[in-house]
Amino acid sequence: VEKLSDEPKAFLYHGFLSAEECDHLIKIGTPHLKRSTVVGGKDDTGVLDDVRTSFGTFLPKKYDDVLYGIERRVEDFSQISYENQEQLQLLKYHDGQEYKDHQDGLTSPNGGRRIATVLMFLHEPEKGGETSFPQGKPLPAVAQRLRGMRDELSDCAWRDGRGLAVKPRRGDAVLFFSFKKNGGSDIASTHASCPTVGGVKWTATKWIHEKRFDTGVWREPKCVDEEPANCPGWAKSGECANNPAYMLGGETPGKCLRSCCA
């Protein structure tokens, strides 16, 4: 594990995932890909926006033994309880797709602040696709290495030599924190997924909260269906697996938790 920066607090874990784990996540996620959204709209549901042009899906926690093993490894890497994790988000970028500058550190009634992100690289593009922190302050050794990589970095990642950038390497994972020790939002955690210029980039993201994040895997007394007339039928037809973000929850709690937990 390599420390990259104190602003934001960021670490790079080389070889976090095996090639087999990367391939497995891509395989199980591919059938469910949809155009990615950003938080907004009615009831904080996702909306389409040109700031984010990738395709993605969510996988429920404990989807299978492979994913559960990865989730436990994320717990060890972050030193934050598995129970505080959201579902895994898979994203596919190609043909210039990107996610422009944004922050992950939202605050939700479910889990409180989203304090940390673990970003895993499943497939490398031919060029581009770096994770760029334009206001990041890399450690001196990291900054020197980035200067030596200038010809390998896209303009989005280089930003005239300012900030921190991480090239996507298959199996690597980046951990960074969105809040400072004093509780304030860390503007240095602002980041972007630079345009994928050639080839395809796949990532898997785990957002982690300061408190337990309730999803469909937890059998709570408050585990209810918000659409009781429709949820049982949807669950029976396979929508818990086909549409997990809506049914089980993603950035917000799902609508059919009782039926999917049954």
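Start counting at 1 in the sequence shown, then tack on 3, and there's your number in our numbering.
By construction, the Cβ of each residue, glycine as well, lies at the ideal position given by its N, Cα and C atoms.
Note that the structure is a prediction, hence the values are computed from the model and not measured.
*asked:* Taking the alpha helix (DSSP H) that Met250 belongs to, which residues open and close that run?
replied: Pro247 to Met250
*Would the stretch 5-18 and the stretch 184-194 be scored as touching if the rule is three or more Cβ pairs under 8 Å?*
yes
*If you draw a straight line from the C-alpha of Val203 to the C-alpha of Ala144, how long is it?*
29 Å
*asked:* Going by DSSP, what residue range makes up the beta strand (DSSP E) through Tyr71?
replied: Premise fails: Tyr71 lies in the alpha helix (DSSP H), Asp68 to Ser81, not in any beta strand (DSSP E).
_Cutting at 6 Å between CB atoms, please list the residues of its own chain near Glu86, excluding the five before and the five after it._
Arg215
*For His27, three-class secondary structure by DSSP*: helix
*Taking the C-alpha atoms as reference points, what is the distance between Ala248 and Trp237?*
13 Å
*asked:* Give me, in chain order, the residues of the same chain whose beta-carbon lies closer than 6 Å to that of Val4; leave out the 5 immediate sequence neighbours on both sides.
replied: Phe14 and Tyr16
*To which residues of the same chain is Glu23 closer than 6 Å at the C-beta, ignoring the five residues directly before and after it?*
none
*Are the beta-carbon atoms of Ser181 and Ile118 separated by less than 8 Å?*
yes
*Beta-carbon proximity list for Pro137, same chain, < 6 Å, skipping 5 on both sides*: Arg162 and Gly166
_Quick check: the stretch 140-159 against the stretch 56-65, are at least 3 beta-carbon pairs closer than 8 Å?_
no
_Given 7 Å as the limit, tell me if Phe124 has its C-beta closer than that to any heavy atom belonging to the ligand MG._
The ligand MG is not part of this structure, which contains no ligands at all.
*By Cβ distance, which residues of its chain are closer than 8 Å to Phe19, with the 5 residues on each side in sequence left out?*
Arg76, Phe80, Met123, Gly174, Asp175 and Ala176
*On the three-state DSSP scale, how would you describe Ala232?*
coil
*Identify whether Lys45 lies in helix, strand or coil by the three-state DSSP scheme.*
Because Lys45 sits at a pLDDT of 46, beneath the cut-off of 50, its placement in the model cannot be relied upon, and the point is left open.
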